[in-house]
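Read through the structure below, which is laid out as structure tokens, and then see the notes.
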Amino acid sequence: MSETKPIFLSIGISHWKTPIDVREKFNFSENAIDAILKEAKTLGVDSLFVVSTCNRAQFFAHTKNAFILKELYIKHSKASEKEFEKYHFKLSGDDAVLHLFELCCGLDSLMLGDYKL
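Just so we're aligned: 55 in the working numbering is position 59 of the sequence shown, and the numbers increase by one with no gaps anywhere.
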């Protein structure tokens, strides 16, 4: 029997698909981010970082179980699961890595080249 291998994932919402009034519900405070990171560790997530700004709220993680990320995301946001399902995206493997690089270089910003998170 083969063991599930961990993969690099990104889930979240961004300005591309989510209206501002809904994005506000997904904004994570510093306390929420601390709680998310601690809980993720106890649930077996290998590594996780959270990006939370006025334009996006995203998790980047290395894990075997994407479901855990979804549960943490919904639990610690002020949005409903229905809103999450309507607006979220999920990327894995090379697509998630490419998205991370685009984000860091400002290629996924409202103003192209704005790399400030």
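In this text, a Cβ means the ideal position worked out from N, Cα and C, and glycines have one as well.
Asked	Found
On the DSSP bridge list, what partners appear for residue 105?	According to DSSP, residue 105 bridges with nothing at all.
According to DSSP, what are the bridge partners of residue 86?	7
Note the first and the last residue of the continuous beta strand (DSSP E) segment covering residue 47.	43 to 48
Is residue 29 near the ligand MG - that is, is its Cβ less than 7 Å away from at least one heavy atom of it?	As far as ligands go, the structure on display features none, and thus does not contain the ligand MG.
What span of residues does the alpha helix (DSSP H) with residue 38 cover, start to end?	26 to 38
Quick one: is residue 59 buried, meaning 16 or more other Cβ sit within 10 Å of its Cβ, or exposed?	buried
Quick one, are the C-beta atoms of residue 55 and residue 7 less than 8 Å apart?	yes
Any contact between the region 29 to 43 and the region 58 to 72? By contact I mean 3 or more CB pairs, one from each, below 8 Å.	yes
Roughly how many whole angstroms lie between the Cα atoms of residue 88 and residue 20?	25 Å
Could you name each continuous alpha helix (DSSP H) segment of 4 residues or more that falls completely within the region 56 to 85, going from the start of the chain to the end?	62 to 72 and 77 to 83
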